[in-house]
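Residue numbers (the numbering used here): 18 to 578.
Read through the structure below, which is laid out as structure tokens, and then see the notes.
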């Protein structure tokens, strides 16, 4: 019995599952239903298992949501289906923040569609390719192009593979190495950059998790704060640059490079190469591609978002009577969803107007390209809605609380980030989808990490450290598994765009990805959970990769220096 402010409250513990009626002192009755604790973990487990078996993330998520709805609505399968459609999914769509994210994602897809059609992306590529005069510069130029086309992983794979292949062929760089560079600068870049086709998806998942734990933290700020903890994508980019600069390789990649340099065999003899067929209506047709047609719309999004964050942040501070206009205060109090929406809408207008005014394409074709671009993001939007729905279901079933009750006495919360990284890597590798993995795992691990840190009586700073760790581990681990997986869409696109045999691409890339991943887990996920500064961790990771390449790798002779 606890008495506060003249009101008495009881804490009731019920250990047997079933339906109960509790009578209050005033005669009012409350009905509660207790389900077995292990029921609460079935929705995400079913989603994961079906994703592994069917490799269809939408079906898997939908099945997990339905099972959860059955448990929530009196074990009635029919009611579960009805409530899934008219309550759970609808609630995911009617949330204002969710709608901001969905509209931004569609608008960003439209911008990508227009700048691909007006030649902007090809123009950006042409800026870089003229510097590729040697094998070293050919690889570094390909790597730099991957950084340049940061806004979408699919666009990056298709553009770099097709644009750089004639140049790397001339420089006797193996198709396997080109595919590795293309693949390693696709998802890793898009996943960590502050403006990309990934950001709406990632912020949406983070925001949903923060709402579950009752946090008022800004999801965009958390996203930025976790970037230094995304060790795998950052280290993967560094390792590509390092192998290109040092011209050293090991394992199957070394053998592929030596074959290309010595024999001029760019692909493994006898390997079948699948051709990539692209929709010609989406591509630029012309020989006067301008770089600024791609740069300006993306710059509008980038700088427009920054201006929007400052504007909304200062307005919010003024309304609260706060005079501290530090960067952190402004970002913490800004409206990132509105800022992203405003800037992406402005970029759509700019891209269409630039295309039509220069008569590169007609207004109708520009609108058609914009429409095609938005359509390319529909799948991501559907996954987001289902991810929000399963987050709502697991929250209602107290999934995180049940998992905590199982592991709180045996698992040190500081090891949670590396465990989450491994789990996400395995799921993503087996399913071939990083987005599907994030959608399944993120709703569980944010409340799990927060509550485990609270039970361990961690300080606020240590709790935030664990929270940042698990969020970054979901995002980085999903990219790692996707990067290694032979069934991942970006892996397949990279090999096809580079005209490299798909299995040869996977076999040569896998050792590099595993080496980087293992080092990131130890020096990154484990050590930072115990308080190591993430930038020091990155320094240790970079140094370790350099030493491995220097003493374990072998020199590959360069073509034209």
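For every residue, glycine included, the Cβ atom is placed at its ideal position computed from N, Cα and C.
Keep in mind it's a predicted model, so treat the numbers as computed, not measured.
Report, in whole angstroms, the separation of the C-beta atoms of residue i and residue j, which I expect to be a contact under 8 Å.
i           : j           : result
residue 444 : residue 65  : 6 Å
residue 185 : residue 155 : 5 Å
residue 418 : residue 468 : 7 Å
residue 353 : residue 220 : 7 Å
residue 88  : residue 380 : Contact doesn't hold; Cβ gap of about 52 Å is too wide.
residue 398 : residue 79  : 15 Å between Cβ atoms; not a contact.
residue 498 : residue 432 : With 8 Å as the limit, residue 498 and residue 432 do not qualify as a contact, their Cβ atoms being about 19 Å apart.
residue 231 : residue 121 : Actually they are not in contact, since the Cβ atoms of residue 231 and residue 121 sit about 25 Å apart, beyond 8 Å.
residue 134 : residue 364 : With a Cβ gap of about 15 Å, residue 134 and residue 364 do not count as contacting.
Report yes if the CB atom of residue i is closer than 8 Å to the CB atom of residue j, and no otherwise.
i           : j           : result
residue 466 : residue 492 : no
residue 510 : residue 171 : yes
residue 507 : residue 200 : yes
residue 368 : residue 70  : no
residue 306 : residue 139 : yes
residue 270 : residue 194 : yes
residue 461 : residue 61  : yes
residue 128 : residue 173 : no
residue 1   : residue 259 : Summary: the structure shown does not reach residue 1, with the chain confined to residues 18 through 578, and so no result is reported for it.
residue 109 : residue 409 : yes
residue 347 : residue 330 : yes
For residue i, which of the options has the nearest alpha-carbon?
i           : options            : result
residue 454 : 488, 431, 363      : 488
residue 75  : 236, 395, 439, 317 : 395
residue 520 : 328, 533, 287, 370 : 287
residue 512 : 93, 197, 190, 105  : 197
residue 189 : 276, 428, 258      : 276
residue 434 : 58, 144, 318, 539  : 539
residue 268 : 516, 532, 558, 551 : 532
residue 53  : 473, 479, 416      : 416
residue 308 : 129, 141, 272, 113 : 141
residue 550 : 251, 245, 62, 160  : 245
residue 160 : 137, 528, 203, 217 : 203
residue 441 : 496, 257, 474, 517 : 496
residue 459 : 274, 472, 481, 224 : 224
residue 283 : 515, 366, 571, 134 : 515
residue 107 : 237, 121, 403      : 403
residue 247 : 437, 347, 567      : 437
residue 181 : 168, 151, 210      : 151
residue 464 : 430, 338, 559, 524 : 430
residue 481 : 501, 364, 227, 552 : 227
residue 472 : 428, 257, 452      : 428
residue 556 : 158, 255, 209      : 255
residue 321 : 344, 362, 339, 116 : 362
residue 534 : 272, 517, 500      : 500
residue 211 : 315, 280, 145, 114 : 315
residue 407 : 387, 388, 456      : 456
residue 179 : 240, 143, 412, 213 : 143
Determine whether the Cβ of residue i lies closer than 8 Å to any Cβ atom of chain C.
i           : result
residue 219 : As a matter of chain content, chain C is missing from the structure shown, which is built from one protein chain.
Which of the three DSSP states, helix, strand or coil, is assigned to residue i?
i           : result
residue 333 : helix
residue 572 : strand
residue 293 : With a pLDDT of only 49 at residue 293, under 50, the local geometry of the prediction cannot be trusted, and the value read off the model is given with reservation. Three-state result, residue 293: coil.
residue 479 : helix
residue 415 : coil
residue 242 : helix
residue 247 : coil
residue 91  : coil
residue 169 : coil
residue 566 : helix
residue 341 : coil
Apart from the five residues on each side of it in sequence, which residues of its chain come closer than 6 Å, Cβ to Cβ, to residue i?
i           : result
residue 100 : 86, 90
residue 544 : 554
residue 573 : 264, 266, 274
residue 123 : 391, 394
residue 546 : 431, 434, 486
residue 526 : 197
residue 239 : 223
Note down, in chain order, each residue of its chain lying with its Cβ closer than 7 Å to the Cβ of residue i, except the 5 sequence neighbours on either side.
i           : result
residue 325 : 355, 356, 359, 360
residue 278 : 189, 573, 574, 576
residue 84  : 59, 60, 63
residue 192 : 283, 284, 515, 516, 517
residue 448 : 68, 69, 72, 74, 454
residue 565 : 532
Within its chain, find whatever has a CB closer than 8 Å to the CB of residue i; leave out the 5 residues flanking it on each side and keep chain order.
i           : result
residue 439 : 494, 538
residue 569 : 267
residue 58  : 416, 419, 420
residue 337 : 350
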